[in-house]
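Heads up, the thing below is written out as structure tokens.
2 protein chains.
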Amino acid sequence: MSSDRSDPISPPAPVQADVQRCTPNLPGFTCGLDATLRVVAGKWKPLILYFVAQDGPTRYGELRRSVRDVSDKVLIQQLKELEADGLVKRTDYKEVPPRVDYSLTPLGRSLAEALVPLCTWGTEHMAEVSRVFAEREGWTRRGHPPTV
Amino acid sequence: MSSDRSDPISPPAPVQADVQRCTPNLPGFTCGLDATLRVVAGKWKPLILYFVAQDGPTRYGELRRSVRDVSDKVLIQQLKELEADGLVKRTDYKEVPPRVDYSLTPLGRSLAEALVPLCTWGTEHMAEVSRVFAEREGWTRRGHPPTV
DNA sequence: ACAAGTATGCACCTTTTGGTAAGTACCCAA
DNA sequence: TTGGGTACTTACCAAAAGGTGCATACTTGT
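Residue numbers (the numbering used here), protein chains in the order written: chain A, 1 to 148; chain B, 1001 to 1148.
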């Protein structure tokens, strides 16, 4: 027991309290962040939300062309999940060459707003991140994402 | 050709301009959101960032116990990536029973702050999300995440 | 002496995710 | 008639992501 754990080198213990503690629980998740992550997990979901938030009701084909490099299968699939999670609303106009569009529900809109800081952060630190990524690997860890 | 595209059913065209448009480009990514997502992608990364942001320098074992259900392999791996991306700093005290701790770099701290709205959103809408998830599937799509 | 804790590394394997390509049913323009 | 566009669906696959379990080297507690 000789040693106290007081360290010779350790930093001045920042103790940042600016980031609030998550509120624990509810049936499924353990904290807010956890809940959010489950809903936005999916390669294109944040982008989709962002797109629709910007453009308002968006037709499938339009979305398809905007979210570059996404395949039909996956786009549809993610849209379905977003719909099932109550974030987007699908409107089928029952027209003869099919016409469908997607818009955000109030819930989806609020999530899109919560994504803004992430977008801002990325924009502000893109140079740094870019540099780090560049020296690390052979780029494009896998055909890289869209254009928003 | 008969039809103008004015729709019979469409909603009042919300046109939400509150969500700003992403600033296009830089070598690798296409927008800020894209850049951010690449860095925080990983099942436990946001949680790790959040944890360390709250607790300050955190020892490996401590983190391991906090981020429940994560395996050593993956935790280490994600920590390495976060370190390589300049978000966390690893400090090895070179002591004899190994002692190491992880803390956030300024960059990491700023990201953690950008995550706050997501945490808040999740907390506020946990009930809704929870309900939807509940009726959808056999719960725990895969042993569910941690406690933060 | 032996179990446990410390911070990893490594081999192997399963799950998840995403992608490709083709098909559907219907319309319009060339 | 052929070709293109609309909004999907399905079957089949490849790759990424994550998990399990064992090993290391050394110390402390029992």
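Idealized CB from N, CA, C, for every residue including glycine.
- [ ] Kindly confirm or deny that the stretch 110–121 of chain A and the stretch 1027–1038 of chain B touch, where touching means at least three C-beta pairs closer than 8 Å.
- [x] At 8 Å Cβ cutoff, the stretches touch.
- [ ] To the nearest angstrom, report how far apart R160 of chain A and T105 of chain A are at their CA atoms.
- [x] For residue 160 of chain A there is no data in the structure shown, the boundaries of chain A being 1 and 148.
Task: Buried or exposed by the 16-neighbour rule on C-beta atoms within 10 Å, applied to I48 of chain A - done: Buried: at least 16 other Cβ atoms inside 10 Å.
Open item on the list: Counting only beta-carbon separations shorter than 7 Å, does P1098 of chain B have a partner in chain A?
Closed with: Closer than 7 Å to the CB of P1098 of chain B there is not a single CB belonging to chain A.
Open item on the list: Using a Cβ-based criterion (distance less than 6 Å to any ligand heavy atom), does D1069 of chain B qualify as near the ligand NAD?
Closed with: Here there are no bound small molecules, and the ligand NAD is not part of this structure.
Task: Residue-chain proximity (W44 of chain A, chain B), Cβ-Cβ < 7 Å - done: With respect to chain B, the C-beta atom of W44 of chain A has no partner C-beta closer than 7 Å.
Open item on the list: My parser needs the alpha helix (DSSP H) runs of 4 or more residues fully inside the stretch 1072–1109 of chain B; what are they?
Closed with: As summarised for the stretch 1072–1109 of chain B, the continuous alpha helix (DSSP H) elements at least 4 residues long and confined to that stretch are 1072–1084, given in chain order.
Task: C-alpha gap between D1092 of chain B and G86 of chain A, whole angstroms - done: About 46 Å.
- [ ] Please go through the same chain and pick out, in chain order, the residues whose beta-carbon is closer than 6 Å to the beta-carbon of N1025 of chain B, but skip the five residues on each side of it.
- [x] Low per-residue confidence applies at N1025 of chain B: pLDDT is 48, beneath 50, and the placement is therefore not dependable, though the value from the model is reported in the following sentence. Hits under 6 Å: none found.
TODO: Consider the Cβ of C22 of chain A: report whether some Cβ of chain B lies at a distance smaller than 7 Å.
DONE: Confidence is the limiting factor: at C22 of chain A the pLDDT is only 49, short of 50, which leaves the residue's position unreliable and the question unanswerable from this model.
Task: Rounded C-alpha distance that separates K1045 of chain B from V40 of chain A - done: In a straight line, the C-alpha of K1045 of chain B is about 14 Å away from that of V40 of chain A.
Task: Positions along the stretch 72–87 of chain A whose CB lies within less than 8 Å of some CB in chain B - done: For the stretch 72–87 of chain A, the set of positions with a beta-carbon nearer than 8 Å to some beta-carbon of chain B reads A84, D85 and G86 in chain order.
- [ ] Name the two residues that bound the continuous alpha helix (DSSP H) containing V40 of chain A.
- [x] V40 of chain A -> alpha helix (DSSP H) spans G32 to V40.
Task: Per DSSP, the bridge partner or partners of T58 of chain A - done: Residue pairing from DSSP places T58 of chain A in a beta bridge opposite A:Y102.
- [ ] Report yes if the C-beta distance between V88 of chain A and G108 of chain A is below 7 Å; otherwise report no.
- [x] Taking C-beta atoms as the reference points, V88 of chain A and G108 of chain A count as a pair closer than 7 Å.
Task: Buried versus exposed, by CB contacts within 10 Å (16 or more), V52 of chain A - done: Counting Cβ neighbours within 10 Å, V52 of chain A comes out buried, since at least 16 surround it.
Task: chain A within 7 Å of P1117 of chain B, Cβ atoms only - done: Output row for P1117 of chain B: interface = yes.
TODO: Measure from the alpha carbon of P97 of chain A to the alpha carbon of each residue in A:E135, A:G61 and A:R38, then state which is nearest.
DONE: Ranking the options by Cα distance to P97 of chain A, first place goes to A:G61.
Task: chain A within 7 Å of G1122 of chain B, Cβ atoms only - done: It does; some Cβ of chain A falls within 7 Å.
Task: Buried versus exposed call for Q1078 of chain B [16 or more other C-beta atoms within 10 Å across all chains shown] - done: That one is buried.
Open item on the list: Among B:S1110, B:E1124, B:A1134 and B:V1132, whose alpha-carbon lies nearest the alpha-carbon of T123 of chain A?
Closed with: For the residues B:S1110, B:E1124, B:A1134 and B:V1132, the minimum Cα distance to T123 of chain A belongs to B:S1110.
Open item on the list: Once DSSP output is grouped into helix, strand and coil, what is the label at F29 of chain A?
Closed with: For F29 of chain A, the three-state secondary structure derived from DSSP is coil.
Open item on the list: For V129 of chain A and E1113 of chain B, I'd like the C-alpha separation in whole angstroms.
Closed with: About 17 Å.
Open item on the list: Whole angstroms are fine: how far does the CA of R1136 of chain B sit from the CA of V100 of chain A?
Closed with: The straight-line gap from Cα to Cα measures roughly 24 Å.
TODO: Can you grab the Cα-Cα spacing for the pair A84 of chain A / S103 of chain A, in whole Å?
DONE: Taking the CA atoms as reference points, A84 of chain A sits about 13 Å from S103 of chain A.
Open item on the list: With a threshold of 7 Å between beta carbons, is T36 of chain A in contact with chain B?
Closed with: T36 of chain A belongs to the set of residues whose beta carbon lies under 7 Å from a beta carbon in chain B.
Task: Assumed close pair L1075 of chain B, L1063 of chain B - CB separation to whole angstroms, cut-off 8 Å - done: Contact between L1075 of chain B and L1063 of chain B holds, since their C-beta atoms are separated by about 7 Å, short of 8 Å.
Task: Within chain A, partners of G1032 of chain B - CB distance below 8 Å - done: At a C-beta separation below 8 Å, G1032 of chain B has these neighbours in chain A: L118, C119, T120, W121, G122, T123, E124 and M126.
Open item on the list: Could you tell me the alpha carbon to alpha carbon distance between Q54 of chain A and V67 of chain A, rounded to whole angstroms?
Closed with: Annotation: Q54 of chain A to V67 of chain A spans about 13 Å, alpha carbon to alpha carbon.
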